[in-house]
Amino acid sequence: MELTPAPQIGLLNGWLLIALLYLSYGVLLFSFPRDVVARLYDKSGRAKRQRYLIHAGGLLASIIFILSIFTPLQIGSNVFIPGMVIYCLGLTGFFVALSNFKDTPHDRPATEGLYRISRNPQQVAFFITFAGVCVAMGSWLALLIQVISSLFLHTRILAEEKACLEKYGESYREYMKNVPRYFIFF
């Protein structure tokens, strides 16, 4: 891996993996009922400061996309296969978590499937997916920006958990006691 691999515009650059992620996410969302999509994009519980931090995290994520336009996938190098494995694991986890969320009744918090090991499996899987892209491109800079972006986007998680506490009350508080925010070891 390098700080920033030699830039070049091409079809086999990191943007291809990101485009595949968003295209398949869009197709999946199109198949979901409207109430599920509305729940996915619920912005209640976000304070003004949190909204600014969330936007800053989104801006940093956009920088990764811009870098990916100019950064070729390191096909044939020792980082490509591990990057693709990480990407595929994250992508699979993301779609499984979305499916788990979709199948949850509207009046209950999502607690089944991947939600048994993480209160935020979509965000964890999304991070893993983008980390896989960064590794497959062989870019330390993109990976660093991804980590910093995720730190900013942590405020989104806090807002979502606050909204869930308000909506689901004691059942969500009990869930929070038993399931870690991000993964088994956090």
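Following the numbering used here, the numbering of the sequence shown begins with 2 at its first residue and continues without gaps.
Glycine included, each C-beta is placed from N, C-alpha and C at the ideal position.
Original post:
So is GLY11 buried or exposed if we call it buried at 16+ other beta carbons inside 10 Å?
Top reply: exposed
Original post:
Where do the ends of the alpha helix (DSSP H) carrying LEU115 lie?
Top reply: No alpha helix (DSSP H) contains LEU115, which DSSP labels as neither H nor E.
Original post:
How many Å lie between THR130 and ARG117 at the Cα?
Top reply: 20 Å
Subject >> Cα-Cα separation, ALA160 to ILE19 >> reply: 26 Å
Original post:
Start and end of the alpha helix (DSSP H) containing HIS155?
Top reply: 141-169
Original post:
So, do the stretch 49-68 and the stretch 100-112 have three or more beta carbon pairs nearer to each other than 8 Å?
Top reply: no
Subject >> First and last residue of the uninterrupted alpha helix (DSSP H) at ILE76 >> reply: No alpha helix (DSSP H) holds ILE76; DSSP gives it neither H nor E.
Original post:
Taking MET85 as the reference, which of LEU13, GLY133, LYS49, LEU166 has the closest Cα?
Top reply: GLY133
Original post:
Expressed to the nearest angstrom, what Euclidean distance is found between the alpha-carbon atoms of PHE81 and ALA7?
Top reply: 15 Å
Subject >> Three-pair Cβ contact test at 8 Å for the stretch 149-166 versus the stretch 87-106 >> reply: no
Original post:
By how many angstroms is the C-alpha of LYS44 removed from the C-alpha of ARG35?
Top reply: 16 Å
Original post:
CB-CB under 7 Å to TRP141, same chain, minus the five flanking residues each way: which ones, in chain order?
Top reply: MET2, GLU3, LEU4
Subject >> Closest residue to SER151 among THR72, VAL180, GLY59 (Cα-Cα distance) >> reply: GLY59
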